[in-house]
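Under full-length UniProt numbering, the first residue of the sequence shown is numbered 1, with each subsequent residue one higher.
Only one structure is covered here, and it is reproduced in the block below.
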Amino acid sequence: MAGDGPNLKCRMYEARYPEVHMAVMIQVKNIVDMGVYVSLLEYNNIEGMILFSELSRRRTGSVSSLIKVGRSEPVKVLRVDKEKGYIYLSKRKLRTKKKACEERYNKSKLVHSIMRRVAETLSIDLEELYIHIGWALYRKYGHAFEAFMLILTDPDSVLSSLTKEVKEIGPDGQVVTKVVPAVTEEAKEALIKNIKRGMTPLQLKIRADIEMKCFQFDGDAMRKAEAAGNDNCLVKIKLVAPPLYVLTTQTPDKEQGLAVVNKAIEACTAAIEQHKGKLVIKEAPRAVSERDDKLLAEHMAKLGRENEEVSGDEDSEEEEEDTGMGDVDLENAGSGITE
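See below:
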């Protein structure tokens, strides 16, 4: 029977409720007369509410333009009534913590999926696994995700330090408390297996947006930029619309990726300045999401369509000149690139 198996539902963090002023990820469940009912995704889907007055700073007659059923997004915690279980939230008051909240949630969601598979493999309740392993790693490493990354290369240094207390009946019949390893060999094997399966393919994309202008350009700067990469961090440079280019690399190590892209920019700058050109960093190297890549692809496709629609090209060949990386109105050419 399904009810005889382990309970695989549990909050992601040790605290049962979020703290006031925290940013939390929610999913919209229902829109009613007074506001919006949501589920707190990191807290085992406990219910919260966003009053209509907390949706936006702008006056609008359409709630559907501000929030939609099924959407997941970060909001701010206004009040928590632990006795009654009421949690009041605000979308309009969340300003600076959105990106950090999304990053934390994505890491927590990955940790949660791994923990759930391990609990299922060991046939134990997910909360029990969190109590002895997951939340202990959160306390020690700030986030269990960081611990899981270390487990990929050195599992013993992380897992051997985890202990738990068990009560046993001593020889004299008295109850004694013993401290034992929290991670059994079976649990260790299941953790390592599922962490490798869930996290090894995880690759961060690092991107920088640059503007290059050079009337004597022969491709040397681009070759120097790509040569700055290595086997673990290949650098690619792609034209968006003259003079806007993007430099990208993929790596599981964010710091390494940032360092490599910065090195590529330095090499590219040195090369283009030799040809009396100029490189300007429009967006510094940073980790980007699939959504960012999608926006970039859509923008490039739009520019391609606009170029195809330009008429009169056949009659003006003699008037055209190859500007290479020459002056182009970046504000108009690259305005579709957003974070």
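C-beta: ideal position from N, C-alpha, C; glycine also.
Rounded C-beta distance between I26 and L40? I'm assuming under 8 Å. Yes, they are in contact, since the Cβ atoms of I26 and L40 sit about 6 Å apart, within 8 Å.
Take the Cβ of M34 as the centre, count every other Cβ of all protein chains shown within 10 Å, and call the residue buried at 16 or more, exposed below. Of the residues assessed, M34 falls on the exposed side of the cut-off, its CB having fewer than 16 other CB atoms within 10 angstroms.
Beta strand (DSSP E) segment containing M25, residue limits: In the DSSP assignment, M25 falls within the unbroken beta strand (DSSP E) covering 23-31.
Mapping the DSSP letters down to three states, classify D209 as helix, strand or coil. In the structure shown, D209 sits in a strand (DSSP, three-state: E or B).
Just how far apart, CA to CA, sit Q174 and S72? Cα atoms of Q174 and S72: separation of roughly 52 Å, rounded to the nearest angstrom.
Suppose you measure from the CA of K196 to the CA of L110; what does that come to, to the nearest Å? So the alpha carbons of these two residues sit roughly 12 Å apart.
Check the C-beta distance from Y138 over to M115 and give it rounded, since I have them as a contact under 8 Å. Your pair Y138 and M115 does not check out as a contact, with CB atoms roughly 11 Å apart and the cut at 8 Å.
Measure the CB-CB distance between P285 and L258 and report whether it falls below 8 Å. For the 8 Å CB-CB criterion, P285 and L258 form a contact.
Coil, strand or helix - G142 by DSSP: For G142, the secondary structure class from DSSP, reduced to helix, strand or coil, is coil.
Those residues which DSSP pairs with T163 across a bridge: Beta-bridge pairing by DSSP links T163 to P181.
Would a C-beta distance cut-off of 8 Å place V20 and R57 closer than the cut-off? Taking C-beta atoms as the reference points, V20 and R57 fail to come closer than 8 Å.
If V63 sits next to G48, beta carbons under 8 Å apart, how far is it from one beta carbon to the other, in whole angstroms? No, V63 and G48 are not in contact; Cβ-Cβ is about 17 Å, not under 8 Å.
State the DSSP-derived secondary structure class of Y86, mapped to helix, strand or coil. Annotated three-state conformation of Y86 is strand, per DSSP.
Rounding to the nearest angstrom, what Cα-Cα distance links C268 and A221 in this structure? For C268 and A221, the distance between alpha carbons rounds to 5 Å.
Would DSSP call P171 helix, strand or coil? The DSSP-derived three-state label of P171 is coil.
Measuring alpha carbon to alpha carbon, tell me which residue in A119, P74, A147, E128 is nearest E103. Per the Cα distances, P74.
Could you tell me which of K188, E146, F145, E168 sits nearest to L162, measuring between CA atoms? Closest by alpha carbon: K188.
CB of K278 within 8 Å of CB of A228, strictly: K278 is not a Cβ neighbour of A228, given a cutoff of 8 Å.
Helix, strand or coil for P6? Go by DSSP, reduced to three states. Judged by DSSP in its simplified three-state form, P6 adopts coil rather than helix or strand.
Taking the alpha carbon of E127 as the reference point, which residue from A15, D231, V288, K205 has its own alpha carbon closest? When each option's Cα is compared against that of E127, the closest is A15.
Would you list, in sequence order, the uninterrupted beta strand (DSSP E) runs of no fewer than 3 residues that lie entirely inside the stretch 209-287? With a minimum length of 3 residues, the continuous beta strand (DSSP E) runs that stay inside the stretch 209-287 are 236-241, 244-251.
How about L89 and K76: do their beta carbons lie closer than 8 Å? The answer is yes: Cβ separation under 8 Å.
CB of V24 to nearest heavy atom of the ligand HEM: below 7 Å? Absent from the structure shown: the ligand HEM. Ligands present: none.
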